């Protein structure tokens, strides 16, 4: 031990007492922190876990650092105890005591013997890791405290990070796996199975991914840790839940698809009945159009009548397939089929109605001409001109054409217009324009 202290002059008794008080407080704080680290749940889990990857490497280094921490702390405790013993010898310390205390409190009194087990893999004061060739290290008490703080911070950071991941992810993965199990059972009950439905394949893939993810999280938690940028505090960061979040979203998508299939199962019978009704109405409308076409061809001459198609047999076959799916509980196949059939059935009913309208159009024209002729006849009667020879002649001619079969609509329309013009002339009205004659009440009637 040297007689002089290169760090400065010999300390007086007050400086010694203040230094011992400060060091005593630091000793107590360090001991409390080390005991807390020793009892930390994350450290105990790391100690008993089968680790892999980056966590295994970091834990090897951290274990060496914790061992080194206790070694440093024991050396620190020994020096502090020695200093306290020297100070306690006399109430008024001698010059020799003060020199010895100065060297203990300000010099480098701590020599820590190195060993492969205690220092290999542990962080060094200058960064990096200590190798097995370190024989001993010398420290002042203040430098030793700094060194312990450094080792403690790095060790606590590793322990807290691993514990945070273990506290967050496995429990969430287990909850998601339980939901996955319930969803898989529900999917199986409605026929959503791997190899038969894309959602079944998704469930199988999610199951494999979650199993692998849990194994990785348990054995290598630090692989799922995202340190906070710019933060030097131990444990600064958060668990990386990217894979978990992706699978949770995928499971939610599958669940929505299964809910849609369940909705199909619940109202499938009503929808099939409704489809039968729509297709039946379309069939009846087409049958009515075919009957009307025959009537038009028999009653109306020189008119092109559109051909009426047959019943929607293809849709009827698809409806039978839908009923078969329902009987065999193949809900995942029934769902898209019903959606397509409902749109096709509505389109088929609209087409049938349009066909009926197109076929009966000539009959509607004839009915309109008959109504117009009778309306003008009534108007003539109100004015006392019903017996006028010209009007009687033109009325009878138009009437014969409209009430004969087959009826020539073009000729009948011209006859009605001639009668209409004659009425207008006798009543003092302007002659009507062919196809736009005045109505029986003085308004212009519709053309044909």
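Residue numbers (the working numbering): 648 to 1095. From the three backbone atoms N, C-alpha and C, an ideal C-beta is built for every residue, glycine too. Nothing here was measured: the structure is a model prediction, and the numbers come from that model.
Rounded distance between the beta-carbons of residue j and residue i, thought under 8 Å
i            : j            : result
residue 886  : residue 987  : Their Cβ separation, rounded to whole angstroms, is 45 Å, which puts residue 886 and residue 987 out of contact at 8 Å.
residue 993  : residue 911  : So it is not a contact: roughly 18 Å between Cβ atoms.
residue 1003 : residue 935  : 6 Å
residue 684  : residue 690  : 6 Å
residue 820  : residue 857  : 6 Å
residue 809  : residue 714  : In fact, because the Cβ distance is near 18 Å, the residues do not count as touching under 8 Å.
residue 1073 : residue 1032 : 6 Å
residue 1023 : residue 1067 : 6 Å
residue 733  : residue 747  : 6 Å
residue 968  : residue 985  : Contact flag wrong, Cβ pair sits at about 11 Å.
residue 1044 : residue 1025 : Wrong, their Cβ atoms sit about 18 Å apart, outside the cutoff.
residue 953  : residue 908  : Incorrect: roughly 42 Å between the Cβ atoms, too far for contact.
residue 791  : residue 730  : Their Cβ separation, rounded to whole angstroms, is 13 Å, which puts residue 791 and residue 730 out of contact at 8 Å.
residue 698  : residue 866  : 6 Å
residue 922  : residue 999  : Between residue 999 and residue 922 the Cβ distance is about 15 Å, and since that is not below 8 Å, they are no contact.
Alpha-carbon to alpha-carbon, residue j and residue i
i            : j            : result
residue 802  : residue 675  : 19 Å
residue 941  : residue 1035 : 39 Å
residue 825  : residue 799  : 39 Å
residue 660  : residue 871  : 54 Å
residue 1016 : residue 944  : 18 Å
residue 720  : residue 677  : 8 Å
residue 903  : residue 850  : 13 Å
residue 852  : residue 837  : 19 Å
residue 1027 : residue 1054 : 25 Å
residue 991  : residue 997  : 10 Å
residue 807  : residue 711  : 17 Å
residue 753  : residue 863  : 49 Å
residue 756  : residue 670  : 14 Å
residue 805  : residue 789  : 25 Å
residue 1102 : residue 680  : This structure cannot settle anything about residue 1102, because the visible part of the chain is limited to 648 through 1095.
residue 763  : residue 739  : Residue confidence for residue 763 is low, a pLDDT of 37 falling below 50, so the modelled location carries little weight; the figure read from the coordinates is stated next. Spanning the two alpha carbons is a distance of roughly 44 Å.
residue 888  : residue 816  : 7 Å
residue 860  : residue 892  : 12 Å
residue 1039 : residue 1057 : 21 Å
residue 972  : residue 1047 : 60 Å
residue 795  : residue 742  : 32 Å
residue 693  : residue 883  : 19 Å
residue 1021 : residue 1001 : 29 Å
residue 919  : residue 975  : 15 Å
residue 914  : residue 901  : 20 Å
residue 948  : residue 916  : 48 Å
residue 829  : residue 970  : 28 Å
residue 946  : residue 1052 : 5 Å
residue 705  : residue 687  : 17 Å
residue 1037 : residue 1008 : 31 Å
Assigned exposure category for residue i - 16 Cβ within 10 Å defines buried
i            : result
residue 930  : buried
residue 822  : exposed
residue 700  : exposed
residue 758  : exposed
residue 832  : exposed
residue 868  : buried
residue 717  : exposed
residue 875  : exposed
residue 938  : exposed
residue 1070 : buried
residue 1050 : exposed
residue 760  : exposed
residue 737  : exposed
residue 695  : exposed
residue 951  : exposed
residue 834  : buried
residue 1060 : buried
residue 855  : exposed
residue 846  : buried
One or two residues paired with residue i in a DSSP bridge
i            : result
residue 719  : Paired residue(s): none; residue 719 is not in a bridge.
residue 885  : 873
residue 1055 : 948
residue 757  : 786
Any non-hydrogen atom of the ligand MG within 7 Å of residue i CB
i           : result
residue 933 : As for the ligand MG, it is missing from this structure, which has no ligand bound.
Interface flag, residue i vs chain D, CB-CB below 8 Å
i           : result
residue 817 : The structure shown has no chain D; it contains just one protein chain.
Decide if the stretch 960-970 is in contact with the stretch 887-905; the criterion is three or more beta carbon pairs, one per stretch, under 8 Å apart.
-> no
Can at least three beta-carbon pairs, one atom from the stretch 834-846 and one from the stretch 718-735, be found at a separation below 8 Å?
-> no
Can at least three beta-carbon pairs, one atom from the stretch 954-961 and one from the stretch 970-984, be found at a separation below 8 Å?
-> no
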